[in-house]
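Structure record follows, encoded as structure tokens.
In this note's numbering, the protein residues as written are 2 to 527.
Shown next, in the form of structure tokens:
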């Protein structure tokens with residue numbers, strides 16, 4: 002332990018020597034954060050990633066939010082039972098659950114000093130609809146909107162959205178991390194004939210009504226956030242947040258221990274255990290809503306056979322991984338739906354470490370001697386590398402020979418998006434706490450993020466029915482049936498909910514947790 006601490010301290014001192022001091026002036030108003038990577042893009046229309054979610058949490062503000070409450074450990078967490086106004090001071094749901102009317106808060110200003118009106122909201126909607134990416138998918142897939150005529154400006158501070166079918170998600174959806182409102186006056190300054198929606202500008206800068214705006218964006222190096230002095234809830238205590246890309250997690254811990262950074266994101270369980278023993282470090286832990294899973298491409302052999310996918314689940318030594326890799330910080334995942342969400346069930350989860358059962362299933366599928374395949378994982382993710390090594394050995398017990406492929410995140414995403422990677426890790430979460438939303442996102446065959454290519458007509462029908470149903474009891478029954486079918490047909494190797502842990506310096510206060518598992522710097526102080 003002493004040797005390890007000495008190594009960490011030496012590394013931290015080296016990092017301090019390379020980095021300009023950010024503690025010399027206004028130290029209590031500046032937060033220095035280190036994480037594995039900067040966002041790929043700042044545009045909320047870009048496919049969501051962990052780094053992108055954190056940027057969106059801080060540079061976009063939403064129409065609605067959940068109220069906050071304290072969890073048993075003192076962290077602020079979202080209260081899913083209470084929806085409040087944000088940029089919309091209030092809202093009304095029609096009795097038939099087919100329209101929502103937003104009454105916008107007056108006097109809200111962006112960092113550029115522009116006041117928000119219904120024109121900003123409508124331009125944001127129009128941009129998202131025409132770019133046919135994130136916003137368009139939410140509106141068409143979740144709310145079943147077919148035409149932009151569904152969005153209506155009533156007056157300068159009122160906007161109405163009408164949907165063709167009733168939905169119990171009509172309010173919850175607007176809390177989503179990807180649905181922030183853009184300062185259209187600022188964004189329009191960067192429109193060109195070739196770029197009618199200022200996509201180039203918004204990929205590297207910000208224009209919104211959020212607590213922070215982007216002062217500097219250097220991909221692969223750092224992001225500097227500065228507080229919006231006009232933010233409607235009051236200017237943030239932290240006037241500047243400097244996010245530095247530091248790919249190696251041990252270096253992040255070393256820098257935190259030495260005091261050259263204030264926050265170290267995404268430490269490994271072993272590093273979290275070490276951080277807890279350092280007097281100058283605090284560790285916040287929330288169980289949260291993550292699933293870390295091994296997805297299999299169900300559209301190609303051998304994973305097009307359900308028996309093969311089931312066999313892979315019977316070859317996972319979950320207790321060993323929980324102890325040796327996660328060190329007790331995770332819980333086994335037993336459903337595609339997060340354990341903290343309504344309608345979750347694990348009643349029909351059959352999988353345990355059973356090599357004989359796995360061999361029986363493989364023989365039934367026509368692979369009595371096993372088969373060869375590939376497993377992809379991201380560089381800069383030591384946890385995934387550890388799990389990959391454990392699983393390679395575990396799968397080999399039934400003759401499944403796995404070649405491990407360590408790839409840059411962008412390369413891995415490209416390969417599994419195109420369906421050319423047979424097995425791959427995904428650590429993800431569904432932002433909206435609703436089983437129909439979760440299963441629609443990951444399991445519906447029409448979903449743009451169903452990378453396993455799982456397809457079951459009955460499951461699709463049950464999900465689509467729940468999305469337009471207002472019968473809560475019926476929805477819950479259907480969603481439990483969906484979970485039972487999906488667990489049985491095993492489109493994934495179900496692994497763990499790793500939870501969310503954050504290591505901070507002892508002077509940092511105000512940890513909060515939101516469903517995107519991204520830090521909201523407005524809640525923090527020093």
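Glycine included, C-beta positions come from ideal geometry on N, C-alpha and C.
Let me see if you follow: with CB-CB separation under 8 Å, is residue 527 close to chain C or not? The question asks about chain C, but that chain is absent: this structure has only one protein chain.
So if DSSP puts residue 564 in a beta bridge, which residue, or which two residues, is it bridged to? With the chain covering 2 to 527 only, the question about residue 564 has no answer from this structure.
Which residue comes first and which comes last in the beta strand (DSSP E) that contains residue 404? Residues 401 to 408.
Going by C-alpha distance, which of 509, 277 and 285 is nearest residue 74? Comparing Cα positions, the closest option is 285.
If you draw a straight line from the alpha carbon of residue 365 to that of residue 308, how long is it in whole angstroms? Roughly 7 Å between the two C-alpha positions.
Can you tell which of 480, 491, 454 and 52 has the C-alpha that lies nearest to the C-alpha of residue 248? For residue 248, the nearest C-alpha among the options comes from 52.
Please state whether DSSP places residue 106 in a helix, a strand or coil. In the structure shown, the three-state DSSP call for residue 106 is coil.
Residue 184, buried or exposed, once every other Cβ within 10 Å from all chains shown has been counted against 16: Buried, by the Cβ-count rule.
Are the CB atoms of residue 35 and residue 262 within a distance shorter than 8 Å? Against a cut-off of 8 Å, the Cβ pair of residue 35 and residue 262 comes out as a contact.
Taking its Cβ as the centre, do 16 or more other Cβ atoms sit within 10 Å of residue 336, making it buried, or is it exposed? Only buried fits residue 336, as 16 or more other CB atoms lie within 10 angstroms of its CB.
Nearest CA to the CA of residue 222: which residue from 245, 206 and 237? Here the closest residue by C-alpha is 245.
Touch check for the region 337 to 352 and the region 227 to 240: three-plus C-beta pairs under 8 Å? The region 227 to 240 and the region 337 to 352 do not touch, with fewer than three beta-carbon pairs separated by less than 8 Å.
Could you tell me the alpha carbon to alpha carbon distance between residue 105 and residue 126, rounded to whole angstroms? Between residue 105 and residue 126, the C-alpha separation is close to 15 Å.
Do you know whose CA, among 182, 181 and 198, lies nearest residue 189's CA? Looking at the Cα atoms, 198 is the closest of the given residues.
Using a threshold of 8 Å, state whether the C-beta atoms of residue 312 and residue 399 are closer than that. Contact flag set, yes.
Does the Cβ of residue 360 have 16 or more other Cβ atoms within 10 Å, making it buried, or fewer, making it exposed? Counting Cβ neighbours within 10 Å, residue 360 comes out buried, since at least 16 surround it.
Those runs of the alpha helix (DSSP H) which lie wholly inside the region 24 to 92 and span at least 4 residues: With a minimum length of 4 residues, the continuous alpha helix (DSSP H) runs that stay inside the region 24 to 92 are 51 to 60.
Using only alpha-carbon positions, find the residue among 268, 253 and 372 that is nearest to residue 393. Sorting 268, 253 and 372 by C-alpha distance to the C-alpha of residue 393 places 372 at the top.
Contact between the region 508 to 527 and the region 72 to 91 is defined here as three or more beta-carbon pairs at a separation below 8 Å; is this criterion met? Counting C-beta pairs with one atom in each stretch, the region 508 to 527 and the region 72 to 91 have three or more that are closer than 8 Å, which means they touch.
Excluding the 5 residues flanking residue 200 on each side, which residues of the same chain have their C-beta closer than 8 Å to its C-beta? Here the set comprises 44, 46 and 132.
Put residue 508 into one of helix, strand or coil per three-state DSSP. Residue 508 falls in the coil class under three-state DSSP.
Residues sharing a beta bridge with residue 156, DSSP: According to DSSP, residue 156 bridges with 159.
Counting along the chain, where does the alpha helix (DSSP H) carrying residue 463 start and finish? Segment 458 to 468, the alpha helix (DSSP H) holding residue 463.
Quick one: complete beta strand (DSSP E) runs, 3+ long, within the region 279 to 359? You should have 282 to 287 and 292 to 297.
Just grab the DSSP bridge partners of residue 493 for me. Note: residue 493 sits in a beta bridge opposite 296.
First and last residue of the uninterrupted beta strand (DSSP E) at residue 372: Element bounds for residue 372: 372 to 379.
Cβ atoms of residue 295 and residue 494: under 8 Å apart, would you say? The answer is yes: Cβ separation under 8 Å.
Closest residue to residue 1 among 320, 508, 203 and 176 (Cα-Cα distance): Any question about residue 1 goes unanswered here, given that the chain covers just 2 to 527.
Would residue 357 be called buried (16 or more neighbouring beta carbons within 10 Å of its own) or exposed? Exposed.
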